[in-house]
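Numbering (the working numbering), first residue to last: 375 to 648.
All residues carry an ideal CB built from backbone N, CA and C; glycine is no exception.
What follows is the structure in structure tokens.
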């Protein structure tokens, strides 16, 4: 079966939808597949519906609409709390094979089109969903984090740091439990600043690789204290000189370089003489 792809949009801050399964291996079995939601750029995930669903965003990601993509259905599933809660809504009396759910190109409005084929008559089906009367418009964009504001500051990051590629970025986005919509004129506020360099801002230089303990390796290429060592298959060019084993990740803008020890290449072999 063909499942919907991973899906995100630039103005739906941090929101990602995908179809898959929990476990160590990806399954293609329909009975093991679910629809998943992330609000932190894919760092953590939550299962929102069993089986595969097609999805679309509105209101800059504040409104999400799903529909079953594998079997005929009479209902859509939606959330206007950025995935905090989900509601089921019956939009047709006759079951429909839903081919897609779409909104306009900026994903900023509260209207959607659902199209597909009626299950029994096999005629084409087209539905217009309008959520404009669902909630009030959000307030307090200029003072996020305050109790009377519907917005807060979000800093994307990892489990250990708020810095990605050497900079910390913060966005102003709607509080997840705020019962309101952003509105068409909403524009996200973005601020960023560089971060001090850490080991996570560096990778092995060309010709080097992360240290691994090979059971059949008697050459002792390195130790765990020096985890970038010459590649066994593609070692660095040159000999007899000390070269850097690390390089900063491309497009990383961190400041305050870290001093890594240079790696001493093997001595040059003297040319044979007659």
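| Item | Value |
| --- | --- |
| Quick check on DSSP: helix, strand or coil for residue 403? | coil |
| When burial is assigned at 16 or more other CB atoms within 10 Å of the CB, is residue 547 buried or exposed? | buried |
| Checking the sheet assignment: what are the DSSP bridge partners for residue 453? | 438 |
| For residue 598 and residue 635, I'd like the C-alpha separation in whole angstroms. | Its pLDDT being 49, under 50, residue 598 is placed unreliably in this model, and the value from its coordinates should be taken loosely. Computed Cα separation, rounded: 14 angstroms. |
| Closest to residue 605 by CA distance: which of 637, 575, 576 is it? | 637 |
| Would you kindly report the start and end of the unbroken beta strand (DSSP E) that includes residue 469? | Unbroken run through residue 469: none, as it is neither H nor E. |
| Could you give the distance in angstroms between the alpha-carbon of residue 530 and the alpha-carbon of residue 537? | 8 angstroms |
| Give the list of continuous beta strand (DSSP E) stretches no shorter than 3 residues that lie fully inside the stretch 459 to 540. | 461 to 464, 470 to 476, 485 to 492, 498 to 504, 525 to 528 |
| Indicate whether residue 479 and residue 493 have their beta-carbon atoms separated by less than 8 angstroms. | no |
| Report yes if the CB atom of residue 432 is closer than 8 angstroms to the CB atom of residue 387, and no otherwise. | no |
| Need the endpoints of the beta strand (DSSP E) that residue 568 sits in, please. | 563 to 568 |
| Smallest Cα separation from residue 318: which of 525, 473, 521? | Within the shown structure, residues of the chain are numbered from 375 to 648, placing residue 318 beyond reach of any answer. |
| Using DSSP with H/G/I as helix, E/B as strand and the rest coil, what is residue 641? | coil |
| So, with DSSP's three-state summary, where would you put residue 604? | strand |
| Between the Cα of residue 555 and those of 585, 486, 506, 562, spot the shortest distance and give me the residue it belongs to. | 506 |
| So the beta strand (DSSP E) residue 410 belongs to, where does it begin and stop? | 408 to 412 |
| Which residue marks the beginning of the beta strand (DSSP E) containing residue 578, and which one marks its end? | 576 to 578 |
| Among 458, 401, 403, 405, which residue has its Cα nearest to the Cα of residue 411? | 458 |
| For the stretch 570 to 584 and the stretch 396 to 404, state whether three or more C-beta atom pairs, one from each stretch, are separated by less than 8 angstroms. | no |
| Of the choices 490, 563, 422, whose alpha-carbon is the least far from that of residue 390? | 422 |
| Once you ignore the five residues that flank residue 622 on each side, which residues in its own chain have a CB closer than 7 angstroms to its CB? | 575, 576 |
| Among the candidates 583, 515, 443, whose CA atom is the shortest distance from the CA of residue 601? | 583 |
| Which word fits residue 379, buried or exposed, when buried means at least 16 other C-beta atoms lie within 10 angstroms of its C-beta? | exposed |
| Quick one: is residue 412 near chain B, going by C-beta distance under 8 angstroms? | Protein chains in the displayed structure number just one, and chain B is not present. |
| Residue 511 to residue 559, Cα distance in whole Å? | 11 angstroms |
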